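Colleague: Have a look at this one.
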């Protein structure tokens with residue numbers, strides 16, 4: 004049986020390419036190595052002759068066969084003797100990767116590798132690149148070597164943990180432990196929801212059935228055309244609607260000549276067209292499943308349509324529960340016309356809301372903190388959020404671009420049972436951000452993606468028995 008590790012979160016090492024920051028943060032042992040090489044008279048030249056690099060690389064058979072146009076190679080000399088070399092590869096808009104590096108005995112004696120790192124700092128000091136990713140290793144001696152040149156650590160994870168211990172993280176906060184909630188009657192939850200929605204409402208078993216019921220409540224004919232507007236991720240939202248309700252309705256993006264309008268406040272971002280579209284005679288439904296804690300008042304998201312739909316499971320650690328806002332429908336009507344009456348589930352939803360509704364602002368603050376931590380980590384790679392943080396955010400909305408497309412990122416995270424949503428056309432990946440996640444969870448999620456950025460993440464060491 005072949006052991007494959009690298010499935011535990013660890014820290015990689017970035018070296019700032021701002022000489023001032025690097026000098027300030029480098030360990031004294033690294034600075035000593037740089038000075039030692041300088042005193043010895045080391046000289047560095049840029050080259051594209053890989054045969055020279057092969058002379059100092061530990062195993063020429065594993066050296067790249069050619070240099071890509073964007074790769075840079077630097078060779079170190081002591082007088083006329085080649086003593087070391089380094090190849091750096093851009094991996095993001097602001098990060099270079101220490102892809103290959105080697106020294107011979109003469110180079111090691113004067114610590115040529117330390118000076119090669121410093122030469123990269125000096126070379127790229129005024130470039131768009133902010134960091135050299137020195138690397139990460141699960142071999143203690145090599146990890147110690149990388150950390151010697153670390154001025155900024157980052158979390159990284161190469162492979163998913165074993166299936167039996169791999170955590171499941173999704174946009175919805177519910178986890179199995181949340182089934183154990185205290186049964187209590189502390190708040191008049193119906194009254195509080197009425198005050199919050201400022202309208203009559205009907206409990207629904209799920210957000211999906213609440214939206215279907217809202218559309219049916221409009222008494223639209225079969226295959227009625229519904230115009231769809233979404234704040235972000237409209238293409239993926241449209242596909243989701245068609246997959247779920249396409250047997251009875253036809254959905255078309257931004258179609259004003261429609262029997263009804265559907266506004267999606269997608270991933271917690273309010274859709275700015277809602278108010279204008281509500282001014283006409285066409286009935287409007289607002290999908291607020293991703294939106295909560297909006298600004299109170301007469302005119303706010305959720306108040307423009309004939310109906311609005313809220314999904315409690317997107318915000319609270321609850322396995323089910325939603326609300327159709329705008330009208331109270333008696334049980335007989337829900338049974339006969341919406342076909343989703345579930346009284347037992349409704350009672351459980353009300354019990355769980357007793358616990359979670361009073362905590363909603365605490366949950367909101369936790370989500371905001373998680374968004375901030377995501378932003379901090381992705382900024383290390385020159386990657387940004389797709390928009391300003393909603394208040395509060397449902398998910399962290401990451402702006403994606405090749406080679407790290409929304410599809411590639413969500414597929415990578417799915418291997419770690421991190422379930423995201425995305426819109427490939429808009430280039431947005433929606434990452435879990437809920438209040439059940441701690442800073443360590445955010446680092447786990449980022450680390451899973453960060454492992455993909457490391458060009459060596461697919462390497463698997465040959466089993467010694469097989470090599471023999």
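Numbering (my numbering), first residue to last: 4 to 471.
For each residue, glycine too, the CB sits at the ideal point set by N, CA and C.
Just so we're clear, the structure is a prediction, and the values are computed from it rather than from any experiment.
(1) Once the 5 residues before and after residue 245 are set aside, which same chain residues still bring their CB inside 7 angstroms of it?
(2) Whose C-alpha, out of 420, 366, 60, 441, is nearest the C-alpha of residue 169?
(3) Could you tell me the distance, in whole angstroms, from the CA atom of residue 8 to the CA atom of residue 459?
(4) CA-CA distance, residue 124 and residue 37?
(5) Nearest CA to the CA of residue 78: which residue from 72, 90, 324, 68?
(6) On a Cα-Cα basis, can you pick out the residue from 277, 348, 448, 156 that is closest to residue 418?
(7) Which residue comes first and which comes last in the beta strand (DSSP E) that contains residue 19?
(8) With DSSP as the reference, label residue 326 as helix, strand or coil.
(9) Per DSSP, what kind of secondary structure is residue 129 in: helix, strand or coil?
(10) How far does the beta strand (DSSP E) with residue 425 in it extend, from its first residue to its last?
(11) Quick check on residue 280: buried or exposed, where buried means 16 or more other Cβ atoms within 10 Å of its Cβ?
(12) Of the residues 12, 144, 111, which one's Cα is nearest the Cα of residue 163?
(13) Taking the alpha-carbon positions, what's the residue 177 to residue 119 distance?
(14) Which residues does DSSP pair with residue 312 in a beta bridge?
(15) Which two residues bound the contiguous alpha helix (DSSP H) that contains residue 359?
(16) So who's on the other strand from residue 88, going by DSSP bridges?
(17) Quick one: residues in its chain with C-beta nearer than 8 angstroms to the C-beta of residue 83, no 5 flanking neighbours on either side, listed in chain order?
(18) Taking the CB atoms as reference points, tell me whether residue 455 and residue 415 lie closer together than 7 angstroms.
(19) For residue 134, which three-state DSSP category applies?
(20) What is the residue span of the beta strand (DSSP E) that residue 431 lies within?
(21) Going by beta carbon distance, what residues of the same chain come within less than 8 angstroms of residue 159, once the five residues before and after it are set aside?
(22) Return the first residue and the last residue of the alpha helix (DSSP H) that residue 216 is part of.
(23) Candidates 196, 239, 266, 293: which alpha carbon is nearest residue 230's?
(24) Just the Cα atoms here: how many angstroms apart are residue 435 and residue 446?
(25) In the DSSP assignment, find the unbroken alpha helix (DSSP H) run with residue 374 in it and report its ends.
(26) Got a sec? Which residues, its chain only, sit under 6 angstroms from residue 166 by beta carbon, not counting five neighbours each side?
(27) Should the stretch 389 to 409 be regarded as contacting the stretch 141 to 159, the criterion being three or more beta carbon pairs within less than 8 angstroms?
(28) Out of 223, 48, 181, which one is the CA nearest neighbour of residue 439?
(29) Once you ignore the five residues that flank residue 258 on each side, which residues in its own chain have a CB closer than 7 angstroms to its CB?
(30) Excluding five sequence neighbours on each side, which residues of the same chain lie with their C-beta closer than 6 angstroms to the C-beta of residue 553?
(31) Which residue's Cα is closest to the Cα of residue 386: 427, 86, 94?
(32) Taking all protein chains shown into account, do 16 or more other C-beta atoms lie within 10 angstroms of the C-beta of residue 198, making it buried, or fewer, making it exposed?
Modeller: The structure says:
(1) Correct list, in chain order: 254.
(2) Checking every option, the nearest Cα to that of residue 169 belongs to 420.
(3) Cα to Cα, the separation comes out at about 14 angstroms.
(4) Rounded to whole angstroms, residue 124 and residue 37 show a C-alpha spacing of 12 angstroms.
(5) Of the listed residues, the one whose Cα sits closest to residue 78 is 90.
(6) When only C-alpha atoms are compared, the closest one is 448.
(7) Run containing residue 19: 13 to 19, per the beta strand (DSSP E) assignment.
(8) If DSSP states are grouped into helix, strand and coil, residue 326 belongs with the strands.
(9) Coil, per DSSP.
(10) Counting along the chain, the beta strand (DSSP E) containing residue 425 begins and ends at 424 to 426.
(11) Buried, because 16 or more other Cβ atoms sit within 10 Å of the Cβ of residue 280.
(12) When only C-alpha atoms are compared, the closest one is 12.
(13) Linking residue 177 to residue 119 through their CA atoms gives a straight-line distance of about 50 angstroms.
(14) DSSP lists 290, 327 as partners of residue 312.
(15) Looking at the DSSP string, the run of the alpha helix (DSSP H) that includes residue 359 is 346 to 359.
(16) Per DSSP, the beta-bridge partners of residue 88 are 78, 105.
(17) The beta carbon of residue 83 is closer than 8 angstroms to none in its chain, skipping five residues each way along the sequence.
(18) In this structure, the beta-carbon distance from residue 455 to residue 415 falls below 7 angstroms.
(19) It is a strand residue.
(20) Annotation: the continuous beta strand (DSSP E) that includes residue 431 extends over 431 to 435.
(21) Result list for residue 159: 12, 13, 14, 15, 139, 450, 453, 454, 457, in chain order.
(22) From DSSP, the alpha helix (DSSP H) with residue 216 extends over 210 to 220.
(23) Among 196, 239, 266, 293, the Cα nearest to that of residue 230 is on 266.
(24) Cα to Cα, residue 435 sits roughly 12 angstroms from residue 446.
(25) Unbroken alpha helix (DSSP H) run through residue 374: 363 to 382.
(26) For residue 166, where only same-chain residues beyond five positions count, there are no Cβ hits under 6 angstroms.
(27) These segments do not touch.
(28) Distance check between residue 439 and each of 223, 48, 181 places 181 closest, using alpha-carbon atoms only.
(29) Around residue 258: 228, 230.
(30) A query on residue 553 cannot be resolved here, the shown segment of the chain reaching from 4 to 471 and no further.
(31) Closest by alpha carbon: 94.
(32) Label assigned to residue 198: exposed.
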